[in-house]
Amino acid sequence: MHQSAYTSDQITSTWLRIRGDMMKPSGWLISIEGHVVMGPHPFFLHGVAAFFSSYYVFNLEYPAAGSSTLEFIQRCFLGINPERGSKTKKRTTMNPHVSSVRLRITLGIILLSCIQSVMNENVDINTLYRIQTFFHRNYQTGGQYAVAINVPQVQCQSGFFPETNNFLTHDPSATVKPFINPHSTSVYRSRQLIAAGFHVKAHSEYLLMYPLDNSPLKHLMNHNSNGCVVFYTLLSPCIDRCLNNDIIPGLDQLKAYKGIKAFVFTHIYNKDKENDKDTLRTELKKIADRVPLYRCNSGGCILCGEPGSNIPVIDQCLN
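In our numbering, the protein residues as written are 2 to 320.
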């Protein structure tokens, strides 16, 4: 099912395409008749379920190259085991129970639930880019800063376009920016937004995550226990202090949050650019092992790594 180029059989079939290493996939998409119809999404098991369901939802035949594998899944794992009939090309009849309206509706529900579960678990990457752009346009003062938001989930999902009249309406730029000062430990706090600038003895991320039992981040998450929390920092957390210990307990609190969550950065912290890529990769994975980690810049956002994945942080997040 993993192919590097289209073949004539692929063009007329349904294919589950894997991103990254085939043995440790970082994502998947589905193509039908040579056109991508779903994805990319990160969770491979959802891809398998959606891929298999598509044959019944769209009443397609199994491709010759994968028919034995698909029929094995059908009969041994899903219990769709007619006495006669098959969805392979060499058969011409199909058991009516397999192709029944009831079965197709059931599998359609499974397919839709797979799509919805993927949408609900992660922030939409295009919406995330628009949110990061909103931060820069409204809150950036020229130096390092960090902000975290807790907004309704719909504002992190596909199709939302943040503007000052529909997003963080109680946190206008003129109110927030005075708190984002260099060499200041002041923190802006509201129900949906917290923000801080850079201080040599307490970096922006630390200011938002401490004191641990009474931190701005903890209060922010408590305002809506099932919303969407995006923690954004212009510069990646420093290796020497932040990722060595300072913010790890705060990341653990963010990991425990029940709603959508993401940790986002734009640039690598200047001093950390001197480290080799393997060191930087290992340190950033401390974040990705707890919370989905993204890098967003003027070209858009990319997923660097996420909890439960054995894939190392990708190179595009290390430069």
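Ideal Cβ positions, reconstructed from N, Cα and C, are used throughout, including at glycine.
{"Query": "Cβ shell of Ser185 (< 7 Å), same chain only, five flanking positions each side left out", "Result": "Gly198, His200"}
{"Query": "Where Thr128 falls, given that 16 or more other Cβ within 10 Å makes a residue buried", "Result": "buried"}
{"Query": "Separation of Leu218 from Pro212, as counted between CA atoms", "Result": "10 Å"}
{"Query": "Assigned secondary structure, Thr186 (DSSP; H/G/I helix, E/B strand, else coil)", "Result": "coil"}
{"Query": "3-residue-minimum beta strand (DSSP E) runs that sit fully inside the stretch 145 to 206, ordered along the chain", "Result": "147 to 152, 188 to 190, 194 to 197"}
{"Query": "Assigned secondary structure, Lys259 (DSSP; H/G/I helix, E/B strand, else coil)", "Result": "coil"}
{"Query": "Identity of the residues DSSP links to His36 by a beta bridge", "Result": "Ile33"}
{"Query": "Ordered list of alpha helix (DSSP H) runs contained in the stretch 200 to 242, each at least 4 residues", "Result": "205 to 210, 217 to 224"}
{"Query": "Endpoints, the beta strand (DSSP E) within which Arg296 is located", "Result": "294 to 298"}
{"Query": "Burial state of Gln193, where buried means 16 or more other Cβ atoms lie within 10 Å", "Result": "buried"}
{"Query": "Residues that DSSP places opposite Gly48 in a beta bridge", "Result": "Partner(s): none; Gly48 has no beta bridge."}
{"Query": "Integer Cβ distance of Cys229 from Pro153, believed to fall under 8 Å", "Result": "7 Å"}
{"Query": "Tyr233 versus Ile261, Tyr295, Asp241, residue with shortest Cα-Cα distance", "Result": "Tyr295"}
{"Query": "Nearest-angstrom beta carbon gap, Gly260 and Asn227 [assumed within contact, 8 Å]", "Result": "4 Å"}
{"Query": "Pick from Asp279, Ala203, His268, Ile126 that is closest to Asn246, judged by C-alpha positions", "Result": "Ala203"}
{"Query": "Strand pairing of Thr15, partner residues [DSSP]", "Result": "Ile33"}
{"Query": "Gln145 classed as buried or exposed, judged by whether at least 16 other C-beta atoms fall within 10 angstroms", "Result": "buried"}
{"Query": "Buried versus exposed call for Ser205 [16 or more other C-beta atoms within 10 Å across all chains shown]", "Result": "buried"}
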